[in-house]
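A short write-up of the structure that comes next.
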Amino acid sequence: VHRTVPQTLVLYHGGKVVLSARVNTGVAGAPTALGTWPVFERLPVTTMSGTNPDGSHYHDEGIRWVSYFHGGEAIHGFNRASYGYPQSVGCVEAPVTTAGKIWPYTPIGTLVTIDN
């Protein structure tokens, strides 16, 4: 995942690019951490809750195609008007259809790299 705008996710399988898509990473107050981590939990659908940088709380039900890789950070589907810009609270958001294409390639242990 590249945090440089326009933000993108490039998915490799067998040494070849199988998908490249615009995604959203975390806003300045909740940036997606730089580094490489293994996927440690996968859920086809879940509820995500937490605190926004302004102190307000969110509780989003029905979040699809979730692959957690670093604490509460995950690659997942999320409906937004646009992609390619910091908009999340640390997660890597993709259009739901795109997240559904990514999810089969993220079994437990898959490495996720976040860079600039």
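Residue numbers (my numbering): 5 to 120.
From the three backbone atoms N, C-alpha and C, an ideal C-beta is built for every residue, glycine too.
Asked, Found
"Roughly how many whole angstroms lie between the Cα atoms of V93 and G18?", "31 Å"
"If you draw a straight line from the alpha carbon of P10 to that of T102, how long is it in whole angstroms?", "16 Å"
"Below 8 Å CB to CB, which residues in the same chain sit around G88 once its five sequence neighbours on both sides are set aside?", "V9, P10, Q11, T12, R26, V27 and N28"
"Can you tell me where the alpha helix (DSSP H) holding I79 begins and where it ends?", "Note, I79: premise wrong, no alpha helix (DSSP H); beta strand (DSSP E) at E77 to G81."
"Who are L23's beta bridge partners in DSSP?", "L15"
"Would you be able to state if there are at least three C-beta pairs under 8 Å between the region 110-117 and the region 49-59?", "no"
"Around the Cβ of E65, are there at least 16 other Cβ atoms within 10 angstroms (buried) or fewer (exposed)?", "exposed"
"Pull up the distance between the alpha-carbon of D138 and that of V21, whole angstroms please.", "This structure cannot speak to residue 138, because the chain is shown only from 5 to 120."
"Suppose contacts are defined by Cβ-Cβ distances below 8 Å. Is S71 in contact with V100 by that definition?", "no"
"Which whole-angstrom value describes the C-beta separation of P108 and A32, a residue pair presumed to lie in contact below a C-beta threshold of 8 Å?", "P108 to A32, Cβ: 32 Å. No contact."
"Going by CA-CA distance only, name the one from H74, V5, L23 and H6 that's closest to K105.", "L23"
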